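*Asks:* Take this structure, written in structure tokens, and hold onto it; I'll ask about it next.
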Amino acid sequence: MGRPNGRQPDRERQPGRGRPSIRQPNREAADAMDIVVSSLKKTWILDLDGTLLKHNGYLRGGDALLDGAKEFMDRISGDAIVLLTARSEALRERTVDFLLESGIRFDHIIFGMPVGERILINDAKPSGMTTALAFCKERDAPVPYSVVEDPRI
Ligand SMILES: [Mg+2]
Numbered sequence: 089m090g091r092p093n094g095r096q097p098d099r100e101r102q103p104g105r106g107r108p109s110i111r112q113p114n115r116e117a118a119d120a121m122d123i124v125v126s127s128l129k130k131t132w133i134l135d136l137d138g139t140l141l142k143h144n145g146y147l148r149g150g151d152a153l154l155d156g157a158k159e160f161m162d163r164i165s166g167d168a169i170v171l172l173t174a175r176s177e178a179l180r181e182r183t184v185d186f187l188l189e190s191g192i193r194f195d196h197i198i199f200g201m202p203v204g205e206r207i208l209i210n211d212a213k214p215s216g217m218t219t220a221l222a223f224c225k226e227r228d229a230p231v232p233y234s235v236v237e238d239p240r241i
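All residue numbers for the sequence shown refer to our numbering, where the first residue is 89 and numbers rise by one.
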């Protein structure tokens, strides 16, 4: 049965009915997000400053991992990990030393990247699997992501 003139039945106009709650217990929960991926081996490309590390912490007393960064990196440690940073090559040794001392595993780290957008392009698999995902997190916020493997992907 249609809805003449686009009018909604009264029961759907009751405030709050049928709508998800916009209340969140705290900001961290509001930002939490599952990254749903296949069970194939994957490639992760991550930024450092503001993403895994306190933004430009090396200029303000020393580098520091953001909350959740170690746990997230441990979760993906079986995959290929490429770190990209706009930090100069002059900061390579101290940056790599900090990451290794912090137990952050990676396969490659590339210094001197531009500060603009990072764009990933990949071809879809014939199965329809999406092969390029991107996430833009809040600078210096805890790493909010959980990784969920879905064998149906
Ligand atoms: Mg950054």
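Yeah, the Cβ is synthetic: ideal placement off N, Cα and C, and Gly gets one too. In this text, all values refer to a predicted model and were calculated from it rather than measured experimentally.
Do the segment 189 to 201 and the segment 157 to 174 make contact, defined as three or more Cβ pairs closer than 8 Å?
*Replies:* Yes, they touch.
*Asks:* Do aspartate 155 and lysine 142 have their beta-carbon atoms positioned less than 8 Å apart in this structure?
*Replies:* For the purposes of this step, residue 142 is identified with residue 54 of the sequence shown, where counting begins at 1. For the purposes of this step, residue 155 is identified with residue 67 of the sequence shown, where counting begins at 1. Taking 8 Å as the Cβ cut-off, lysine 142 and aspartate 155 do not qualify as a contacting pair.
*Asks:* Give a yes or no on whether the minimum CB-CB distance between leucine 128 and chain C is below 8 Å.
*Replies:* Absent from the structure is chain C; it holds one protein chain and no more.
*Asks:* Quick check on this structure: which residue in Arg163, Leu140, Glu177 and Lys158 has the alpha carbon closest to the alpha carbon of lysine 130?
*Replies:* In the sequence shown, the residue the question calls residue 130 occupies position 42. Out of Arg163, Leu140, Glu177 and Lys158, Arg163 has the C-alpha closest to the C-alpha of lysine 130.
*Asks:* Please determine whether the Cβ atom of glycine 150 lies at a distance below 7 Å from any heavy atom of ligand 1.
*Replies:* As a working note, residue 150 is residue 62 in the sequence shown. Outside the cutoff, so no.
*Asks:* If we ignore side chains and look at the alpha-carbon of each, how far apart do aspartate 228 and leucine 208 end up?
*Replies:* Locating residue 228 in the sequence shown gives position 140, counting from the first residue. Locating residue 208 in the sequence shown gives position 120, counting from the first residue. Cα-Cα distance, rounded: 22 Å.
*Asks:* Enumerate in chain order the residues of its own chain whose CB-to-CB distance from alanine 120 is below 6 Å, with the five nearest sequence positions on each side excluded.
*Replies:* Residue mapping note: residue 120 aligns to position 32 of the sequence shown, counting from 1. Excluding positions up to five away in sequence, the list reads Pro232.
*Asks:* At 4 residues or longer, and completely inside the segment 168 to 206: list those alpha helix (DSSP H) runs for me, N to C.
*Replies:* 180 to 189, all fully within the segment 168 to 206.
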